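Student: First, the structure itself, so that you have it in front of you.
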Amino acid sequence: MNRKKPLIFIVDDVPENIQIAMSHLKELNCDFAYATSGEQALERIAATQPELILMDVMMPGMSGFKTVEMLNQNTATRSIPVIFLTARAESEDVVQGFNLGGVDYITKPFKGVELRSRVRNHLELHAYRSNLERLVEERTQEAELLKDVIIEAMGELAEYRDPETGSHIHRTRAYVQLLADTLVNRGHFCDQLTPEYNVLLWKSAPLHDIGKVAIRDSILLKPGKLTPEEFEEMKMHTLFGEEVIANLEQMAGQPTSFLSCAKEIAGSHHEKYDGSGYPRGLAGEAIPLAGRIMAIADVYDALISKRVYKNSMTHDEAMRIMIEGKGTHFDPILIEAFLQVEPHFSRIAANNVD
């Protein structure tokens with residue numbers, strides 16, 4: 001929370017002890033909130049999000065230890081530093097307090113100067129940590145934004161070679177996201193299609209044809225049918241794409257989940273479920289799931305789009321071909337999911353015209 005002064009939350013079943021602690025700490029220029037029971041503290045701490053908690057250990061009902069244990073189960077409160085205050089100084093109590101994540105343990109009766117010094121130190125540490133976390137978050141967001149811009153630029157570079165492909169990368173990215181979400185909703189591949197992985201799919205999809213930057217214009221833009229030799233060269237764009245992304249991994253110094261996903265898509269989106277695809281002739285689930293998903297997105301979009309070598313098909317014409325490819329070109333499970341949301345594919349296409 002953004003506030004001018006840090007908030008200290010004091011939990012003690014004896015109101016006089018709360019007043020004593022506040023009187024010792026008032027010169028620290030802090031605000032205070034308090035609770036006289038563990039149950040009351042749980043609700044109020046979650047609502048106020050203090051910078052520091054002073055927690056009495058021995059309280060009727062819910063003890064201070066139990067209260068902190070419950071706070072640790074709440075993602076909104078588990079990171080708030082806690083100083084335990086108690087008249088008990090047994091070593092096992094001290095150990096238990098630190099095991100629960102307590103940052104300090106002060107024995108009653110305490111001296112005002114000791115309490116102020118420790119509280120001041122922990123407030124400064126908390127402020128430093130919070131600022132560091134904010135900076136890390138800002139840098140992470142900047143890095144993610146930069147990565148997204150580079151991905152878009154690389155995807156656009158591949159599409160720029162063919163002026164008729166226009167919004168292809170935007171449509172296929174949307175198809176991939178829709179299909180992945182639909183598979184999860186239908187209970188398929190949930191162990192692979194986690195929310196985190198689906199973000200990777202969405203970000204990686206624009207790079208599926210990055211290998212086309214290595215294909216000659218005379219082949220890429222040829223208005224007629226490719227010769228067998230030309231088609232063999234065209235098929236190499238999958239391997240060129242893998243190579244480009246592998247080089248990026250090498251430059252990064254280590255593999256990343258994003259680049260691994262992008263490399264799978266680039267190298268496998270032209271494989272076919274029956275093993276008749278390229279570049280490796282993979283079949284069935286030997287084809288990476290990301291590639292099987294992209295295959296549906298890529299083929300559907302190619303069918304409904306005008307190219308130098310063909311006219312566009314209607315949605316219904318494309319659907320007939322997609323259905324015919326079930327079990328041969330496409331994973332049957334993925335085609336069933338595709339059929340469930342095919343009207344949405346049509347709307348995506350209509351909203352992203354070249």
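Under UniProt numbering, the first residue of the sequence shown carries the number 1, and numbering increases by one thereafter. Idealized CB from N, CA, C, for every residue including glycine. Computed from a prediction, not measured in an experiment: that's the story for all the values here.
Report the three-state DSSP secondary structure of residue 85 (helix, strand or coil).
Tutor: Of the three classes helix, strand and coil, the one that applies to residue 85 here is strand, per DSSP.
Student: On a Cα-Cα basis, can you pick out the residue from 2, 287, 349 and 101 that is closest to residue 81?
Tutor: Among 2, 287, 349 and 101, the Cα nearest to that of residue 81 belongs to 101.
Student: Measuring alpha carbon to alpha carbon, tell me which of 9, 203 and 20 ends up nearest residue 31.
Tutor: Comparing Cα positions, the closest option is 9.
Student: Residue 276 to residue 236, Cα distance in whole Å?
Tutor: Roughly 16 Å separates the two Cα atoms.
Student: What three-state label does DSSP hand residue 7 in the structure shown?
Tutor: It is a strand residue.
Student: Measuring straight from C-alpha to C-alpha, what distance separates residue 286 and residue 271?
Tutor: C-alpha separation (whole angstroms): 10 Å.
Student: Once you ignore the five residues that flank residue 60 on each side, which residues in its own chain have a CB closer than 7 Å to its CB?
Tutor: Excluding sequence neighbours, residue 60 sits near 13.
Student: Taking 8 Å as the threshold, find out whether the region 294–305 comes into contact with the region 248–261 through three or more Cβ pairs.
Tutor: At 8 Å Cβ cutoff, the stretches do not touch.
Student: Look at the alpha carbon of residue 109 and the alpha carbon of residue 57, and state the distance between them as a whole number of angstroms.
Tutor: Roughly 13 Å separates the two Cα atoms.
Student: Evaluate the contact criterion for the region 186–198 versus the region 214–223: three or more CB pairs, one atom per stretch, below 8 Å.
Tutor: Counting Cβ pairs under 8 Å, fewer than three are found: no touch.
Student: Using DSSP bridges, identify the partner residues of residue 55.
Tutor: Answer by DSSP bridge pairing, in chain order: 11 and 84.
Student: Which residues in the same chain as residue 98 place their Cβ atom closer than 8 Å to its Cβ, once the five residues preceding and following it in sequence are excluded?
Tutor: Closer than 8 Å at the Cβ level, and outside the excluded window around residue 98, lie 105.
Student: Nearest CA to the CA of residue 288: which residue from 5, 206 and 273?
Tutor: It is 273 whose Cα lies nearest to the Cα of residue 288.
Student: Cα-Cα, which of 35, 278 and 132 is closest to residue 19?
Tutor: Checking every option, the nearest Cα to that of residue 19 belongs to 35.
Student: Please work out which residues of its chain come closer than 7 Å, Cβ to Cβ, to residue 284, disregarding the five sequence neighbours upstream and downstream, and give them in chain order.
Tutor: The residues are 273.
Student: So, at 8 Å on beta carbons, what are the nonlocal neighbours of residue 211 in its own chain, with the 5 sequence-adjacent residues on each side left out?
Tutor: Excluding positions up to five away in sequence, the list reads 158, 236, 237, 238, 239, 240, 241, 242, 243, 244 and 266.
Student: CA-CA distance, residue 169 and residue 348?
Tutor: Those two C-alpha atoms are separated by around 12 Å.
Student: Just to confirm the assignment: which complete alpha helix (DSSP H) runs, minimum length 4, are found wholly within the region 160–196?
Tutor: With a minimum length of 4 residues, the continuous alpha helix (DSSP H) runs that stay inside the region 160–196 are 168–185.
Student: Between the Cα of residue 111 and the Cα atoms of 199, 178, 72 and 17, which residue gives the shortest distance?
Tutor: Answer by Cα proximity: 17.
Student: In the DSSP output, what is residue 330 paired with across the bridge?
Tutor: Per DSSP, 326.
Student: For residue 353 and residue 346, I'd like the C-alpha separation in whole angstroms.
Tutor: Going by the C-alpha atoms only, they are around 11 Å apart.
Student: Across which residues does DSSP place residue 310 in a beta bridge pair?
Tutor: The partner list for residue 310 (beta bridge, DSSP) reads 307.
Student: Can you look up residue 283 in the DSSP assignment and give me helix, strand or coil?
Tutor: Coil, per DSSP.
Student: Find out if the Cβ-Cβ distance for the pair residue 317, residue 339 is shorter than 9 Å.
Tutor: Not a contact, by the Cβ cut-off of 9 Å.
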